[in-house]
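Residue numbers (my numbering): 17 to 151.
Where is the CB? At the ideal position from N, CA and C, for every residue including glycine.
Quantities reported herein were computed from a predicted structural model and do not represent experimental measurements.
Structure record follows, encoded as structure tokens.
Structural data, given as structure tokens:
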């Protein structure tokens, strides 16, 4: 199984959340990917942070071991399907979240997030929360 971690999970990694590290210890770094969209959200958070240098060092040390996946043509097509479906059902979610979901679906990855409420609206997306309980 391979996993795409949402922004809130990367933030939890920087805070050493115990349940998260129980999960992470069970899978190799090669099974976890960092979305370029999530990376953009992290970069935004660092840029507006009062502890910019500290947060830069923390995140650089965390993300260096993981593959970054770009938002590509397949993800763009999946995004179109997701957005049309969510709009039709009146259950729209944020644009970045739709892009993250599109990447997970296009790459057949499980999405790990603490934002289950929004991501569960995306049909066929496998969503897990590694912050709620240990494996």
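C-beta atoms of residue i and residue j nearer than 8 Å
{"i": "residue 21", "j": "residue 98", "result": "no"}
{"i": "residue 58", "j": "residue 75", "result": "yes"}
{"i": "residue 104", "j": "residue 137", "result": "no"}
{"i": "residue 101", "j": "residue 139", "result": "yes"}
Nearest neighbour of residue i, chosen from the options [CA to CA]
{"i": "residue 122", "options": "148, 94, 109, 112", "result": "94"}
{"i": "residue 62", "options": "133, 23, 143, 85", "result": "23"}
Span of the beta strand (DSSP E) around residue i
{"i": "residue 51", "result": "48 to 51"}
Residue i - DSSP class collapsed to helix/strand/coil
{"i": "residue 29", "result": "helix"}
{"i": "residue 147", "result": "coil"}
{"i": "residue 161", "result": "Any question about residue 161 goes unanswered here, given that the chain covers just 17 to 151."}
Below-8 Å beta-carbon distance, residue i vs any chain D residue
{"i": "residue 43", "result": "Included in the structure is just one protein chain, with no chain D present."}
Enclosing alpha helix (DSSP H) for residue i [first to last residue]
{"i": "residue 22", "result": "Segment: none, residue 22 is in no alpha helix (DSSP H) and carries neither H nor E."}
(message) Extract the residue ranges of the alpha helix (DSSP H) inside the region 57 to 141, only unbroken runs of 4 or more that lie entirely within it.
(response) 68 to 79, 89 to 105, 111 to 122, 132 to 135
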